[in-house]
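Positions 41 to 145 (our numbering) are the ones given, in order, by the sequence shown.
Input: a single structure, listed below in structure tokens.
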Amino acid sequence: MSKVAPPPQLSWFSHQNPTPGNPVPMDIDVARKAKSVPDTCRRCGKLGHWAKDCDLRFDVRYLDLDELSALVEDRLAALDAVPLEPEDKPVEQKLPAEDSVSSSE
Numbered sequence: 041m042s043k044v045a046p047p048p049q050l051s052w053f054s055h056q057n058p059t060p061g062n063p064v065p066m067d068i069d070v071a072r073k074a075k076s077v078p079d080t081c082r083r084c085g086k087l088g089h090w091a092k093d094c095d096l097r098f099d100v101r102y103l104d105l106d107e108l109s110a111l112v113e114d115r116l117a118a119l120d121a122v123p124l125e126p127e128d129k130p131v132e133q134k135l136p137a138e139d140s141v142s143s144s145e
């Protein structure tokens, strides 16, 4: 018995069955079909505005010389600041000396 190959399937739309010489065209409408992105800010995560319009946006280019020097002083002081309460360090416990004999003797 010889096996007979099934008849080739006719495809009315060649883009459904891609081949090396016949690639699948791009579906341009996919972006339109996608769920719309809410107006979420990428900076603070709140709805209703974009990052460029965020209230938390800070740009040093709009500061005058006095504001800029005050900002630099505050940031440098924060780096040199010492905490008010010293951090509790764990107390080291002394282990008793071992009375065992070394195996190398």
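Quick reminder that beta carbons are idealized off the backbone N, C-alpha and C, glycines included.
The model shown is predicted, which means the values in this text are computed figures rather than measured ones.
Using a Cβ-Cβ cut-off of 7 Å (strictly less than) and excluding sequence neighbours within five positions of residue i, which residues of its own chain qualify?
{"i": "Cys81", "result": "His89, Trp90, Ala91 and Cys94"}
{"i": "Leu108", "result": "Val100"}
When DSSP labels each residue in this structure, what does residue i get in the three-state scheme?
{"i": "Leu96", "result": "coil"}
{"i": "Leu87", "result": "strand"}
Cβ atoms of residue j and residue i: under 9 Å apart, would you say?
{"i": "Arg212", "j": "Arg101", "result": "Outside the shown range of the chain, which is 41 to 145, sits residue 212, and nothing can be said about it."}
{"i": "Leu87", "j": "Asp79", "result": "yes"}
{"i": "Leu103", "j": "Leu116", "result": "no"}
What are the start and end residues of the alpha helix (DSSP H) that includes residue i?
{"i": "Leu111", "result": "Leu105 to Asp120"}
With a threshold of 6 Å on Cβ separation, who are the neighbours of residue i within its own chain once the five nearest residues in sequence on each side are excluded?
{"i": "Pro60", "result": "none"}
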